[in-house]
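Peer 1: Before we start, here is the structure in question, set down as structure tokens.
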């Protein structure tokens with residue numbers, strides 16, 4: 157193989173799916189709480205864009221909800237939303253974009269032998285008791301400022317008047 161041939165082979169190599177949970181054709185007792193796919197190259201994500209997707213359907217075409225997928229390196233995974241899932245065949249469809257920019261699409265078919273009730277934990281809201289300390293409103297501060305200004309004007313007026321009287325007496 158020449159140098160040119162080896163470069164051509166490398167240029168033709170694209171990303172591919174290496175493994176999945178559940179695996180292709182696998183029979184599992186119950187639907188797992190999350191599904192994951194591992195590729196041979198790291199995946200990319202673009203903020204605000206849904207370029208990496210996972211969808212779950214039953215054999216009858218019923219769509220089942222997955223939470224938004226997460227990417228860690230070469231792994232794409234998603235949690236199965238809470239609900240009741242029948243026993244039977246499922247199809248996990250995927251679209252992922254690898255670091256080389258090429259999309260990878262495909263399907264994983266697996267089956268469950270028992271119905272599954274997936275419980276999804278919802279975070280409980282944190283409550284805090286907050287009692288703000290009273291703060292002087294700006295209208296109170298304005299009143300104090302005007303009162304002080306009037307007091308100052310009164311004092312100055314009194315001093316001037318006293319000076320005027322003193323100069324007229326003498």
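Residue numbers (this note's numbering): 157 to 326. Note that the Cβ used here is the ideal one computed from N, Cα and C, for glycine as well. Since the model is a prediction, treat every value here as computed from it, not as a measurement.
Grouping DSSP H, G and I as helix and E and B as strand, with all else coil, what is residue 212?
Peer 2: On the chain shown, residue 212 is found 56 positions in, with the first residue counted as 1. The answer is strand: DSSP assigns residue 212 an E or B state.
Peer 1: When DSSP labels each residue in this structure, what does residue 296 get in the three-state scheme?
Peer 2: Taking the first residue of the chain shown as 1, we reach residue 296 at position 140. Three-state DSSP puts residue 296 in a helix.
Peer 1: Taking the alpha-carbon positions, what's the residue 202 to residue 185 distance?
Peer 2: In the chain shown, counting from the first residue as 1, residue 202 sits at position 46. In the chain shown, counting from the first residue as 1, residue 185 sits at position 29. Cα to Cα, the separation comes out at about 36 Å.
Peer 1: Got a sec? Which residues, its chain only, sit under 6 Å from residue 270 by beta carbon, not counting five neighbours each side?
Peer 2: Indexing the chain shown from 1 puts residue 270 at position 114. Closer than 6 Å at Cβ, skipping near neighbours: 185, 186, 243.
Peer 1: From the DSSP output, in three-state form, read off residue 204 for me.
Peer 2: Position 48 of the chain shown, counted from the first residue, corresponds to residue 204. Judged by DSSP in its simplified three-state form, residue 204 adopts coil rather than helix or strand.
Peer 1: To the nearest angstrom, how far is the alpha carbon of residue 214 from that of residue 246?
Peer 2: By 1-based counting over the chain shown, the position of residue 214 is 58. By 1-based counting over the chain shown, the position of residue 246 is 90. Whole-angstrom Cα-Cα distance: 4 Å.
Peer 1: Distance check for residue 299 and residue 321, CA to CA, integer angstroms please.
Peer 2: The residue labelled residue 321 in the question sits at position 165 within the chain shown. The residue labelled residue 299 in the question sits at position 143 within the chain shown. Looking at the two C-alpha atoms, the distance is approximately 33 Å.
Peer 1: Can you look up residue 262 in the DSSP assignment and give me helix, strand or coil?
Peer 2: Locating residue 262 in the chain shown gives position 106, where the first residue counts as 1. Note: residue 262 maps to strand in three-state DSSP.
Peer 1: Given this structure, state the Cα-to-Cα distance separating residue 273 from residue 236, to the nearest angstrom.
Peer 2: As a working mapping, residue 273 is identified with position 117 in the chain shown. As a working mapping, residue 236 is identified with position 80 in the chain shown. One C-alpha to the other measures close to 11 Å.
Peer 1: Report the residue from 309, 258, 253, 304 whose alpha carbon sits nearest the alpha carbon of residue 228.
Peer 2: Residue 228 sits at position 72 when you count from the first residue of the chain shown. Nearest option by C-alpha distance: 253.
Peer 1: With a CB to CB cut of under 8 Å and the five nearest residues on each side skipped, what residues in its chain are close to residue 170?
Peer 2: As a position in the chain shown, residue 170 is number 14, starting the count at 1. The answer, listed in chain order, is 254, 256, 258, 260.
Peer 1: So what does DSSP say about residue 302, is it helix, strand or coil?
Peer 2: Here residue 302 corresponds to residue number 146 of the chain shown, with the count starting at 1. Three-state result, residue 302: helix.
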